[in-house]
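Residue 30 in our numbering sits at position 30 of the sequence shown, with consecutive numbering throughout. Inspection log for the structure reproduced underneath, given as structure tokens.
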Amino acid sequence: MQQHIINFTEVEPPHTGLVLANVIVKHFANWGIKKIIISITIDNVSSNYVLVRKLSENKEKSSITLYYG
């Protein structure tokens with residue numbers, strides 16, 4: 001299995017789930033990530049639910065497969 005840390009990104013406040021999801025989706029597109037996402041590490045617990053929901057909605061429009069653990 002290959003592992004890569006692709007990037008660290010500074011995100012200006014507010015750190016809502018919607019803002020974080022938009023940043024991540026933008027980076028997926030910029031990096032050409034089109035297949036499988038297994039792990040995303042974030043530290044703002046209150047925004048995680050919205051972030052995962054928005055990424056799930058986005059995957060319906062793309063070929064990205066999300067694995068939850």
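Ideal Cβ placement from N, Cα and C applies to all residues, glycine included.
Between the Cα of residue i and those of the options, spot the shortest distance and give me the residue it belongs to.
i: Glu-12; options: His-27, Gln-2 and Leu-20; result: Leu-20
i: Asn-30; options: Asn-7, Ser-56 and Glu-57; result: Asn-7
i: Leu-18; options: Ser-56, Val-50 and Gly-32; result: Val-50
i: His-4; options: Val-52, Glu-57 and Ile-33; result: Ile-33
i: Glu-57; options: Asn-22, Gln-2 and Thr-9; result: Asn-22
Around the Cβ of residue i, are there at least 16 other Cβ atoms within 10 angstroms (buried) or fewer (exposed)?
i: Lys-54; result: buried
i: Ser-47; result: buried
i: Ile-24; result: buried
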